[in-house]
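What follows is a single structure, written as structure tokens, with notes after it.
Numbering (my numbering), first residue to last: 675 to 967.
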């Protein structure tokens, strides 16, 4: 973890290990929880897209397949934190862990699991997610700097839902254009976006593909705690510069995200709020409570 006095702290060193133990160990210290918020939302979106036919998900910046693990398995984020920080797991070699994880995820697989295509520049993370069965296809490619491979373009052909929880800060229109041009059917895009930057350039790019982007700036979700006062000062200033108010959110010590959902105009009859915030998740169980968000 790179400590920075005037900008966002980098966790780059934990994203390309042979397995996810360093990832979960480092991020658990700061209460990283975006995948927790994404789990019930992505399941609702998959269910909505299923009405139009079989669903394949493309998860951008997928790292070790965390979103796929939570989407397709009877597991919570806390289950994953507990597993990958336990002394028994920490003592294994990567090969031993992969063998155990193959059995672990197979035992917890949901009957309604859907194919997930993962994209990330971290080759080791992609290799792990493929090895344990979290991804049906995975690609260590940087679409920001070059064209997508023919294999990636084929893999995203059947995609009807694109998800991203931790990479919007590193993405531009280049990545989305390549994926959407390869899709054979209308696509929805769901992104958790830090309030320290603007999603508008990506929303503008999605509009070129006929997608309308909706968000609710008042409904936010905690991403993680700040690593220190310097990072908090950076975040508060960045949120203000973006035209938002950090009071009660970043000012209290954590990054916050907003959900941006982009869909073809014909799909807007299904209200944004009914998909994004119909209930608050019960974080102890991974189920949703009936209480409104």
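The beta carbon of each residue, even a glycine, is placed where N, CA and C say it ideally should be.
Bear in mind that the values here come from a model prediction, so they are computed numbers and not experimental data.
No Cβ-Cβ contact shorter than 9 Å links residue 926 with residue 897.
For residue 789, the secondary structure class from DSSP, reduced to helix, strand or coil, is coil. By the CB criterion at 9 Å, residue 802 and residue 772 fall inside the cutoff. Under DSSP, residue 931 shares a beta bridge with 868, 895. Nearest Cα to residue 844 within the set 768, 693, 817: 817. Burial state of residue 713 is buried, judged by a 10 Å Cβ sphere holding 16 or more other Cβ atoms. Residue 726 has its alpha-carbon roughly 30 Å from the corresponding atom of residue 707. One thing to note: residue 839 has its Cβ within 9 Å of the Cβ of residue 709. Where residue 888 is concerned, the enclosing beta strand (DSSP E) starts and stops at 885-889.
Residue 700 and residue 940 have their C-alpha atoms spaced approximately 42 Å apart. For residue 800, the enclosing alpha helix (DSSP H) has its first and last residue at 797-805. Under the DSSP definition of a beta bridge, residue 811 partners with 791.
Taking a contact as a CB-CB distance under 8 Å, the pair residue 842 and residue 873 counts as one, their CB atoms being some 7 Å apart. Per the DSSP secondary-structure output, residue 938 pairs in a beta bridge with 885. The C-alpha of residue 798 is placed about 16 Å away from the C-alpha of residue 770. The closest CA to that of residue 717, considering only 766, 693, 744, is found on 744. The DSSP assignment places complete alpha helix (DSSP H) segments of no fewer than 4 residues inside the segment 683-759 at 695-702, 708-724, 740-746, 751-758, in order along the chain.
Within its own chain, the residues whose Cβ lies closer than 7 Å to the Cβ of residue 702, once the five positions on either side in sequence are excluded, are 755, 759, listed in chain order.
Taking the CA atoms as reference points, residue 864 sits about 11 Å from residue 885. The distance from the Cβ of residue 793 to that of residue 815 is about 7 Å, consistent with a contact at the 8 Å cut-off. Of the residues 924, 860, 933, 905, the one whose Cα lies closest to the Cα of residue 724 is 860. Our two residues, residue 910 and residue 728, have alpha carbons roughly 42 Å apart in a direct line. Beyond the five residues adjoining it in sequence on each side, residue 937 comes within less than 7 Å, by CB distance, of 862, 885, 886 in the same chain, given in chain order. Just so you know, the alpha carbons of residue 750 and residue 928 end up roughly 21 Å apart.
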